[in-house]
Amino acid sequence: MSRHLLLAVATLAFPITASAQFSYEPPGTLMSPNGSAPTSRGYTDDRVFAPEMRFPMESAPAFLNSQIYAPGGYMGPSGGQCDSRNYDYPWFDNYCEARRWSMPLCPSGTGHQGQDIRPATCEDDVHWIVAAEDGTITNIGSYSVYVTTADGTRYDYLHMGSVAVSVGQSVSQGQRLGRASNEFGGTATTIHLHFNIRQNVSPHGSVYVPTYTSLIDSYEELSGPPAYRAQWVRQSFPLASTRFDVTAGEEIAGFIEFTNQGAETWRPGQVFLGTTEPRDGASPLQASDWVSSSRAATVESETAPGEVGVFRFSVRAPDAPGDYPQFFNLVREGEAWFSDQGGPVDDLIQVRVESVESGTSCEDSPWRCEGTSRVRCEGGVLEREPCASTCMDGACVDRVDNDGDGSFVPEDCDDNDPNVQPGRPEICEDGIDQDCRLGDALCAVSPDAGTPDGGADAGADAGRDPGATAGCGCRVAPNNDLPGIPAVVALGLVAWRLRRRRRS
Amino acid sequence: MPLLRLLLGLALLGACAPDVSARQESLSSEAWTSLSAAAQEQVETSQVPVLLFPAEYAPMTQVITGPTWYALHAPTEELTVMLHATSVVHHELNGEARPTGLRIRGNLAYSGMNEGIRHVTWEEDGTFYTVEVECRHEPLSDRRCIRQSFAVDIAERMVEVAR
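If you read the sequences in order, they're chains A and B.
Position 189, counted from 1, in the first sequence is what this note's numbering calls 747; the numbers after and before it change by one each time, with no gaps.
Position 49, counted from 1, in the second sequence is what this note's numbering calls 78; the numbers after and before it change by one each time, with no gaps.
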C-alpha cells in the first residue's frame, strides 16, 4: 500500500476539523524550536502587498503555520504532520522563518520567503487550490505553478498535485489550479501549499514579498467576518488629548459606543469593556458601578451585527492627585479579546483623568493600591508613591516570575510551571492551559494520524536555530474583583482604529 | 525574414570586434530561428524588451506575454528553466538595496533560492528580469539548483531581441 494511501486512510479514520474561531498571531510572529515561545523576529509591517487577492485555498478552514517548528517538524514538538495542533488556530507567519535563503525584507536578511498553508485536513490530493487573481499560467514545473497577473505580480504555488491547468492558459480568480499535496521533486514534503507573491519592490528589485497580511484579509473575505470585531463610534468622555480634570473622589458617568462589525451578537453579561495595557489590570479609575476592577461595563442591550452597542460606566478620580490614563478594549468573556480577532487594538481606546485636589483633608488610612501606585492618608495628607514595577496589597513589589520562564504574573497563568506561559503550544485535554489562552483546549480531533513522515520538509526547510525568547501572550481572564480601590473621577478617550481596514 | 528583427546587443559592436560579433550573431540567430513560430509571434507582442534563452533552450521555449510583462518557459527532461520580466514597480519601501558582488549582463544582480528553485534577478534598462531553474529530481542536491553558476550562465548568454 502506498504511503499516500496509508495517509489518506489514516486521516479518513480520524477526520480533523477546526476547533476554534479564526485567530492569528501578529505579522512577524514566528514559531520557535521545540514549542518554545514564539517571537516577533519577522516582517512586522501591516502593509498588504496584494489587496485584491483571493485566498488561494478554495474553501476554509486552512491553517498557516510552520512545517519545521510545528509538531512533526524537524525542530518542532513530537508528533506527526497530521497532529491536530497543526490544524488549529492561531495562524503563524513564516515569511521570515529561519532559512539560508536571501530575503532582503527580513530583519536577518534571510528567510523562508513564502507562507506555508495547510489545507483543512491532512489529506493528500483532496483540497483544491485556486487562482488568487485573474492571470496567465506562466510556469508549470515538477512541483511549481506560477500565475502572472496583468500588472506583473506573480503568484507561486508549490507542492501541488493533480495540476489542472497548462502553460499559457488564462485563469480567473478562484479557478482551480490543482490540489494540495506534498510534491517536491520526487522527495515528498508535508502536505501543504507553499505560497509566494513576487513583485518589484524599490529599492530591492524583484523579490518575494510578505504574504501574511494579504492572506489574513483574503481569508476573512472567504470565511466571513470574525466573530468579534468592533469599531468605535463616539464617547461622552473627553478624548485623551483633552485634559479632563475631576476632583479627587468624584465619579463622572458616561458611555462609549461601538458598532458591532463581527458575526456574533453582543449580549449583556457576555461582552464587556475591559481594561488593557495590561489586559485585566486593576484600574485606578474604577467607580462604584463597575462590574469589577478590570471590567468597566457590559453591553447595555443585545447588539446584533451592524448595530451600535452602548457601554455605560463611571470613572472615579483617585484620591491622590495626578494623571490617570486607562486603556480599554472589548472582550467576549471566556472566548476572546476583540483585538485578537478583528480589532480594535488594545492601545487605542483610552479614558484619561486628571485627579485634582478637593481642598479637604483625608481620613487616615493604610497603604492601598491604585493601579501601579500605592496611596495612603497620613495626618490628613494624602501620599502617593508610584511603584517601579507594580503594587500588590498596598506594597510595591517586583513583577513575579517564580518559574523563570520570562513571563510575569498575571500574564503567566501558572508561575510555578516553566512550561506554561503565553505563546506556548497548547496541548489539548491534558488539564493544563499551556498557552494561558482560554483554558485547556478541547481536542476536536483524534491526535496525529501517525504518519511516519512528519517533518519531511525538513530537508528543504532546515535552517539555523533562531533561538527563543519570551513572546507575547494574551488571555481571557474571568472577572477579578479586587477589594476597595478608592475612587474619583474621570475620563477621556481617544481614538480608535481598526487593526486592519476591510475592503468593501 | 520580415518578422525577424533580431539583433544581439553585442552584434551591434561587430564593426569594432568582428570575430566576437560574428559569434554573437550566430548565437542570436539560432536562439531566434529555433523558436517555434508561435513563440516568435508572442515575442512580437511583448510590451517590454525581450531577452531570449540561449539557443539550446529555444526549441522547447514557450513565450507568454501580458500587458506589462513577458515570460519564458522551457522544460527539459531534467530541468524547468523560466524567465519573468516586467517593467512595473509595485511598491516602494524605505531602506537601501542589498550589497551584492554579482553582476549579470553588466548590471547589479541578486541570486537566491526558494524551495529548491534557483533564481537570479537583475534590472536592465528599466525592466526587471528573473531567471529561474527548477530541478526536476532531488532539487536540494542538484548542483544546477543549489549553486548559482548555472542560472547565472544562462542569464549571461541571453539574447536580446531588437525592437
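Every residue, glycine too, gets a C-beta built ideally from N, C-alpha and C.
Measuring straight from C-alpha to C-alpha, what distance separates residue i and residue j?
i: Arg147 of chain B; j: Ala100 of chain B; result: 16 Å
i: His752 of chain A; j: Ile687 of chain A; result: 11 Å
i: Val939 of chain A; j: Ala878 of chain A; result: 10 Å
i: Gly867 of chain A; j: Trp824 of chain A; result: 8 Å
i: Ile773 of chain A; j: Glu189 of chain B; result: According to the sequence provided, residue 773 of chain A is Leu. The question's Ile does not apply to it. About 38 Å.
i: Tyr601 of chain A; j: Arg926 of chain A; result: 43 Å
i: Ala1016 of chain A; j: Gln625 of chain A; result: Confidence in Ala1016 of chain A is poor, its pLDDT being 31 and thus under 50, which makes the residue's placement unreliable; the coordinate value appears in the next sentence. Those two C-alpha atoms are separated by around 8 Å.
i: Ala51 of chain B; j: Ser58 of chain B; result: In this prediction, Ala51 of chain B has a pLDDT of 42, which is less than 50 and means its spatial position is unreliable; nothing more can be read from the coordinates.
i: Glu808 of chain A; j: Val911 of chain A; result: 11 Å
i: Tyr766 of chain A; j: Val759 of chain A; result: 9 Å
i: Ala746 of chain A; j: Glu610 of chain A; result: 32 Å
i: Gln673 of chain A; j: Gly155 of chain B; result: 29 Å
i: Met633 of chain A; j: Ser590 of chain A; result: 8 Å
i: Glu539 of chain A; j: Arg934 of chain A; result: The question about residue 539 of chain A has no answer here: the residues shown for chain A are numbered 559 through 1062.
i: Leu735 of chain A; j: Tyr627 of chain A; result: 28 Å
i: Ala608 of chain A; j: Thr159 of chain B; result: 20 Å
i: Met950 of chain A; j: Leu122 of chain B; result: 46 Å
i: Asp904 of chain A; j: Ala840 of chain A; result: 15 Å
i: Gly1012 of chain A; j: Asn740 of chain A; result: For Gly1012 of chain A, the predicted structure reports a pLDDT of 29, less than 50, and the residue's modelled location is therefore unreliable. The matter cannot be settled from this model.
i: Ser617 of chain A; j: Glu152 of chain B; result: 38 Å
i: Thr800 of chain A; j: Glu858 of chain A; result: 27 Å
i: Ala114 of chain B; j: Tyr647 of chain A; result: 38 Å
i: Leu112 of chain B; j: Glu161 of chain B; result: 6 Å
i: Trp98 of chain B; j: Ser897 of chain A; result: 41 Å
i: His762 of chain A; j: Trp659 of chain A; result: 15 Å
i: Met615 of chain A; j: Ser781 of chain A; result: 11 Å
i: Leu663 of chain A; j: Arg176 of chain B; result: 22 Å
i: Phe742 of chain A; j: Tyr701 of chain A; result: 6 Å
i: Ala722 of chain A; j: Val729 of chain A; result: 11 Å
Looking only at DSSP bridge pairs, what is residue i linked to?
i: Leu940 of chain A; result: A:Cys935
i: Pro883 of chain A; result: A:Arg910
i: Tyr713 of chain A; result: A:Val705, A:Ile755
i: Arg874 of chain A; result: A:Glu809
i: Pro816 of chain A; result: The sequence given here has Phe at residue 816 of chain A, not Pro. DSSP lists A:Trp790, A:Gly867 as partners of Phe816 of chain A.
i: Leu169 of chain B; result: According to DSSP, Leu169 of chain B bridges with nothing at all.
i: Val188 of chain B; result: B:Leu81
i: Tyr582 of chain A; result: A:Trp649
i: Glu153 of chain B; result: B:Thr156
i: Gly141 of chain B; result: B:His148
i: Ser728 of chain A; result: A:Thr694
i: Gly832 of chain A; result: A:Arg853, A:Asn887
i: His120 of chain B; result: A:Val759
i: Trp659 of chain A; result: Answer is none; Trp659 of chain A lacks a bridge partner.
i: Pro104 of chain B; result: B:Thr109
i: Leu622 of chain A; result: A:Ile675
i: Ser764 of chain A; result: A:Asn758
Give me the Cβ distance between residue i and residue j, rounded to the nearest whole Å; I'm assuming they're in contact under 8 Å.
i: Ala68 of chain B; j: Tyr86 of chain B; result: The pair is not a contact, with the Cβ atoms about 11 Å apart (cut-off 8 Å).
i: Gly1103 of chain A; j: Ser594 of chain A; result: What the structure shows of chain A is the stretch from 559 to 1062, and residue 1103 of chain A is not part of that stretch, so it cannot be assessed.
i: Gln884 of chain A; j: Thr805 of chain A; result: Gln884 of chain A to Thr805 of chain A, Cβ: 18 Å. No contact.
i: Phe650 of chain A; j: Asn623 of chain A; result: 5 Å
i: Gln731 of chain A; j: Ala689 of chain A; result: 6 Å
i: Ala66 of chain B; j: Leu81 of chain B; result: About 15 Å; that fails the 8 Å criterion.
i: Asn644 of chain A; j: Pro629 of chain A; result: 6 Å
Identify, in the order they occur along the chain, each residue of the same chain with its Cβ nearer than 6 Å to the Cβ of residue i, setting aside the five sequence neighbours on each side.
i: Asp956 of chain A; result: Ser947
i: Ala854 of chain A; result: Leu831, Trp848, Phe871
i: Thr707 of chain A; result: Glu691, Gly693
i: Ser776 of chain A; result: Met611, Arg612, Phe613
i: Arg982 of chain A; result: Gln992, Asp993
For residue i, which residues of its own chain have a beta-carbon under 8 Å away from its beta-carbon, when the five flanking residues on both sides are left out?
i: Asp959 of chain A; result: Ser965, Phe966, Val967, Asp970, Asp973
i: Asn697 of chain A; result: Val703, Tyr704, Val725
i: Arg127 of chain B; result: Tyr139
Tell me which same chain residues have a C-beta within less than 7 Å of the C-beta of residue i, skipping the five on either side of it?
i: Arg737 of chain A; result: Asp683, Val684, His685, Trp686, Ile687, Met718, Gly719, Ser720
i: Ile133 of chain B; result: Val149, Trp151, Val181, Ala184, Glu185
i: Ser178 of chain B; result: none
Discussion item. By the 8 Å beta-carbon criterion, what residues does the stretch 115 to 148 of chain B contribute toward chain A?
Written reply: Correct list: Thr115, Ser116, Val117, Val118, His119, His120, Glu121, Leu122, Gly124, Glu125, Ala126, Arg127, Tyr139, Ser140, Gly141, Met142, Asn143, Glu144, Gly145, Ile146.
Practice item. Note down, in chain order, all residues in the stretch 158 to 186 of chain B with a beta-carbon under 7 Å from any beta-carbon belonging to chain A. Key: Residues Thr159, Glu163, Cys164, Arg165, His166, Glu167, Pro168, Leu169.
query: Which residues, in order along the stretch 733 to 754 of chain A, keep a beta-carbon less than 9 Å from a beta-carbon of chain B?
result: Of all residues in the stretch 733 to 754 of chain A, Phe742, Gly743, Gly744, Thr745, Thr747, His752, Asn754 have a Cβ within less than 9 Å of some Cβ in chain B.
Of the residues that make up the stretch 93 to 104 of chain B, which ones have a beta carbon closer than 7 Å to any beta carbon in chain A?
Flagged, chain order: Ile93, Gly95, Pro96, Thr97, Trp98, Ala100, His102.
* Which residues, in order along the stretch 648 to 667 of chain A, keep a beta-carbon less than 7 Å from a beta-carbon of chain B? -> Along the stretch 648 to 667 of chain A, going in chain order, the ones with a CB nearer than 7 Å to a CB of chain B are Trp659, Ser660, Pro662.
Problem set entry | Within 7 Å of chain B by C-beta, residues of the stretch 690 to 717 of chain A in sequence order | Listed in sequence order: Thr694, Thr696, Asn697, Gly699, Ser700, Ser702, Thr706, Ala708, Asp709, Gly710, Thr711, Arg712, Leu716.
Cβ-based contacts, 8 Å cut-off: residues of the stretch 598 to 629 of chain A near chain B = Interface annotation for the stretch 598 to 629 of chain A against chain B: Arg605, Phe607, criterion Cβ-Cβ distance under 8 Å.
Compile a chain-ordered list of the residues in the stretch 755 to 767 of chain A whose CB is closer than 9 Å to at least one CB of chain B.
Those residues of the stretch 755 to 767 of chain A that come within reach of chain B (Cβ to Cβ, closer than 9 Å) are Arg756, Gln757, Asn758, Val759, Ser760, Pro761, His762, Gly763, Ser764, Val765, Tyr766, Val767.
- Determine which residues of the stretch 667 to 687 of chain A have a Cβ less than 8 Å from any Cβ of chain B, and write them out in chain order. Flagged, chain order: Gly667, Gln671, Gly672.
With 9 Å as the limit, tell me which residues of the stretch 936 to 963 of chain A have their beta carbon closer than that to any beta carbon of chain B; keep them in chain order.
-> Per Cβ criterion, the list is empty.
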